[in-house]
Amino acid sequence: MNILVCIKQVPDMESKFKVNADGTWYDTVDLAWRMNEYDEYAVEQAVQLKEQVGDSDLTVLCIGSDRVKETMKKALAMGCDRGAHIIDDNAAQKDPFEIASIIATYAKDKSFDLIFTGMQSQDRGSAQVGILVAEMLGLPGISTIVAFTYDSGQITVRRELEGGIKAIVKSGTPALVTCQLGLNTPRYPTLPNIMKAKKKELLSVAVAELLNVEARQATERMYLPEKKGGGLVLEGEPAELADQLIKILKDKTTVLA
Amino acid sequence: MKTLLVAEYRDGKLLGTGNELVAFAQQLGAESAMFLVGSSSLLPQYDGTLYLADVKKYAEFNPAVHKQLLLDVIAKEQPEMIVFGHTSYGWDLAPRIALAINAAQISEVIDIVDGTLMVGSCNAKLRRDVKSRTEQTVITLQAGAFGPAEPTGTPNVVTINTDITAQMEFSGYEAADAGGVDLSKAEVIVSAGRGIGKPDNVPMIAALAKALGGELGASRPVVDAEWAEHHRQVGTTGQTVSPKLYVACGISGAIQHLAGMKKSEFIVAINTDKDAPIGEIADVLVVADLKQFVPALTEKLVNA
Chain A
3 MNILVCIKQV PDMESKFKVN ADGTWYDTVD LAWRMNEYDE YAVEQAVQLK EQVGDSDLTV
63 LCIGSDRVKE TMKKALAMGC DRGAHIIDDN AAQKDPFEIA SIIATYAKDK SFDLIFTGMQ
123 SQDRGSAQVG ILVAEMLGLP GISTIVAFTY DSGQITVRRE LEGGIKAIVK SGTPALVTCQ
183 LGLNTPRYPT LPNIMKAKKK ELLSVAVAEL LNVEARQATE RMYLPEKKGG GLVLEGEPAE
243 LADQLIKILK DKTTVLA
Chain B
62 MKTLLVAEYR DGKLLGTGNE LVAFAQQLGA ESAMFLVGSS SLLPQYDGTL YLADVKKYAE
122 FNPAVHKQLL LDVIAKEQPE MIVFGHTSYG WDLAPRIALA INAAQISEVI DIVDGTLMVG
182 SCNAKLRRDV KSRTEQTVIT LQAGAFGPAE PTGTPNVVTI NTDITAQMEF SGYEAADAGG
242 VDLSKAEVIV SAGRGIGKPD NVPMIAALAK ALGGELGASR PVVDAEWAEH HRQVGTTGQT
302 VSPKLYVACG ISGAIQHLAG MKKSEFIVAI NTDKDAPIGE IADVLVVADL KQFVPALTEK
362 LVNA
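One line per chain: the protein sequences are A and B, in this order.
Residues in the first sequence are numbered from 3 upward in steps of one, following the working numbering.
Residues in the second sequence are numbered from 62 upward in steps of one, following the working numbering.
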């Protein structure tokens with residue numbers, strides 16, 4: 003079985019973000035980078051599938067500068083067999099349509115039986131790329147899965163809907179699924195696997211070889227949201243803060259009455 | 062400006078998304094028509110043309126078929142904007158439509174000013190102004206960002222059909238995990254977020270909930286990590302609550318969480334990050350280390 007998992011490297015969302023010099027994206031200086039959280043579930047599910055079916059080959063694909071190799075190595079240490087690094091120093095400027103086109107062009111002749119992606123990225127949050135790739139390749143694409151099973155060429159998944167209800171969906175393969183948080187428990191790479199990952203193949207492809215479309219949207223401006231003010235901000239020593247808060251709760255609510 | 066609004070029907074009910082889409086069209090001053098895979102026995106109140114496909118025939122989740130039904134309507138109506146809710150239905154179907162009509166898709170729009178669409182980035186810490194470069198544009202609206210409009214009118218129903226075949230099989234629903242706690246009835250909820258750091262700190266948050274006579278709630282990451290049961294989850298995929306007091310402990314304030322608790326009467330957030338988005342809706346933001354502040358507060362409440 004031939005499996006592909008697509009990942010993205012994103013900043014830690016706890017970071018203090020600043021807008022870059024041209025005002026259209028966040029400044030990448032001084033940020034800590036990690037694997038997009040949704041993609042960790044995608045990698046884990048792909049590795050579990052590989053372990054289940056035995057004879058299989060699992061490729062992890064990532065688009066970005068050399069910086070993303072670190073994140074790819076984590077995916078390799080989690081159990082992916084090989085990496086496909088699409089080298090692109092301007093990946094952040096590309097819209098979801100361009101990113102999906104790059105992936106679909108890479109994947110189209112490689113007969114993947116299953117493709118896993120995260121349901122969205124934590125920075126852009128467009129929730130488009132996975133489904134676009136499926137449509138470009140003419141595959142069934144199922145978004146937002148929180149359960150996945152594979153049996154003899156058939157997949158059964160649960161899509162998460164609002165209110166925690168789940169839709170049960172079945173499909174043949176090849177197919178693509180986009181992974182929601184909570185799908186599984188992503189493993190921590192062990193030290194021996196981190197060492198092994200260093201020897202795994204990391205193939206590099208220039209993005210120009212795969213990109214043959216133009217962006218359909220543009221970010222004109224990125225900025226910090228205006229503070230709406232409103233709320234009271236309390237700072238200080240814990241015991242004093244507790245006294246202040248209790249007084250406020252007595253004045254403004256009925257719960258301590 | 063002409064818009065096509067994609068309403069939603071699930072499990073025998075019309076979803077509220079439709080009224081938010083109508084509010085969006087009204088804000089734009091745009092003409093609109095509505096698309097729904099639903100039932101003729103449960104029509105939305107809507108003052109305009111409703112293109113209706115029978116859900117019994119085409120199933121509630123059937124992307125290839127819903128896509129074709131919608132493409133046929135788009136070909137007929139030629140809308141400049143096709144508008145979905147940013148929901149499990151909308152974010153699944155919208156990219157398929159955008160690709161088929163060579164349109165840009167702009168996701169999770171929170172506002173529109175003079176044709177410029179505004180979206181959030183990086184867990185609402187940043188905003189972007191986005192411009193479409195295509196003639197038609199597909200957009201999804203953030204839940205709660207527009208309206209809802211007061212439902213009014215009787216639609217002019219146009220029944221639609223297609224003979225395209227399904228790509229996958231939808232075989233029904235599984236109910237949300239049932240639990241012993243109905244958070245919607247609690248007067249006080251104290252919720253734990255990822256910022257509590259580790260599962261060992263959950264009892265500390267539960268103790269504060271008890272001291273306030275309330276229930277323990279949780280954000281999604283805490284439930285996903287199995288530090289708390291799913292029935293304690295507050296937010297889009299958990300419960301929607303509006304207690305007299307909501308205390309958010311170590312919760313940054315992802316939109317999915319805010320959607321589930323922002324109607325609470327009084328909101329206290331406890332967070333080390335002064336800039337966390339939860340501060341935007343909190344009545345009081347306590348900037349403090351939870352491990353010091355929460356036990357201090359609990360002790361004073363218990364001994365009061």
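Note that beta-carbon positions come from the ideal geometry of N, C-alpha and C, so glycine has one too.
Proximal chain B residues relative to residue i, where beta-carbon distance stays under 9 Å
i	result
R160 (chain A)	E235
V257 (chain A)	E248, V249, L273, G274, G275, P304, K305, L306, F327
I248 (chain A)	L358, K361, L362, A365
Residue i versus residue j: straight-line alpha-carbon distance, rounded
i	j	result
L97 (chain B)	A227 (chain B)	18 Å
M37 (chain A)	A93 (chain A)	15 Å
D334 (chain B)	N222 (chain B)	53 Å
E326 (chain B)	L251 (chain A)	12 Å
V246 (chain B)	V257 (chain A)	First, the residue type needs correcting, since residue 246 (chain B) is Lys and not Val in the sequence shown. Taking the straight line from one Cα to the other gives about 14 Å.
R293 (chain B)	V242 (chain B)	7 Å
D238 (chain B)	K137 (chain B)	43 Å
A272 (chain B)	I312 (chain B)	20 Å
P260 (chain B)	A159 (chain B)	42 Å
A136 (chain A)	Q122 (chain A)	14 Å
D175 (chain B)	N80 (chain B)	22 Å
E239 (chain A)	A253 (chain B)	22 Å
Y107 (chain B)	G208 (chain B)	14 Å
R255 (chain B)	S280 (chain B)	7 Å
I342 (chain B)	T301 (chain B)	16 Å
F354 (chain B)	D336 (chain B)	19 Å
E141 (chain B)	S193 (chain B)	11 Å
G165 (chain A)	Q317 (chain B)	11 Å
F118 (chain A)	C8 (chain A)	6 Å
A48 (chain A)	L134 (chain A)	19 Å
Neighbour list for residue i in chain B, Cβ cutoff strictly below 7 Å
i	result
L63 (chain A)	Residues of chain B passing the Cβ test: none, with the nearest at roughly 19 Å.
Y108 (chain A)	Residues of chain B passing the Cβ test: none, with the nearest at roughly 17 Å.
I133 (chain A)	D153, P156, R157
S128 (chain A)	S168
Residue i: contacting residues in chain B (beta-carbon distance under 8 Å)
i	result
R223 (chain A)	R189, D190
Rounded Cβ spacing between residue i and residue j (contact assumed at less than 8 Å)
i	j	result
V329 (chain B)	D344 (chain B)	7 Å
R218 (chain A)	D125 (chain A)	In fact, because the Cβ distance is near 19 Å, the residues do not count as touching under 8 Å.
I171 (chain B)	V180 (chain B)	6 Å
T221 (chain A)	R189 (chain B)	5 Å
I250 (chain B)	Q197 (chain B)	With a Cβ gap of about 43 Å, I250 (chain B) and Q197 (chain B) do not count as contacting.
R82 (chain B)	V144 (chain B)	The sequence given here places Leu at residue 82 (chain B); Arg does not occur at that position. Going by Cβ atoms, the distance from L82 (chain B) to V144 (chain B) rounds to 5 Å, so yes, they are a contact pair.
P188 (chain A)	E46 (chain A)	4 Å
A236 (chain B)	I167 (chain A)	6 Å
Closer than 8 Å at the beta carbon, the chain A residues around residue i
i	result
H291 (chain B)	G166
Simplified DSSP state of residue i, which is helix, strand or coil
i	result
T26 (chain A)	coil
G56 (chain A)	coil
Y150 (chain B)	coil
P13 (chain A)	strand
N4 (chain A)	strand
S67 (chain A)	coil
I316 (chain B)	helix
F114 (chain A)	coil
L364 (chain B)	Per the sequence shown, the amino acid found at residue 364 (chain B) is Asn instead of Leu. In the structure shown, N364 (chain B) sits in coil (DSSP, three-state: anything other than H, G, I, E or B).
S128 (chain A)	coil
T256 (chain A)	coil
R194 (chain B)	coil
Y2 (chain A)	Nothing can be reported for residue 2 (chain A): it is not among the residues displayed for chain A, which extend from 3 to 259.
M179 (chain B)	strand
L78 (chain A)	helix
M95 (chain B)	strand
A136 (chain A)	helix
CB contact flag (residue i, residue j, <8 Å)
i	j	result
L51 (chain A)	I5 (chain A)	yes
C181 (chain A)	A79 (chain A)	no
L226 (chain A)	H87 (chain A)	no
P1 (chain A)	F99 (chain A)	Outside the shown range of chain A, which is 3 to 259, sits residue 1 (chain A), and nothing can be said about it.
L213 (chain A)	S103 (chain A)	yes
V159 (chain A)	I147 (chain A)	yes
N332 (chain B)	L346 (chain B)	yes
E169 (chain B)	Q203 (chain B)	yes
G275 (chain B)	T297 (chain B)	no
L154 (chain B)	K117 (chain B)	no
A120 (chain B)	L130 (chain B)	no
S67 (chain A)	D32 (chain A)	no
G174 (chain A)	G143 (chain A)	no
beta-carbon residue i near the ligand NAP non-hydrogen atom, thresh 7 Å
i	result
T201 (chain B)	This structure simply doesn't include the ligand NAP, nor any ligand for that matter.
Chain-ordered neighbours of residue i on chain A, where CB pairs are closer than 7 Å
i	result
M229 (chain B)	P142, I144, V171, K172, S173
V347 (chain B)	L236, L243, L247
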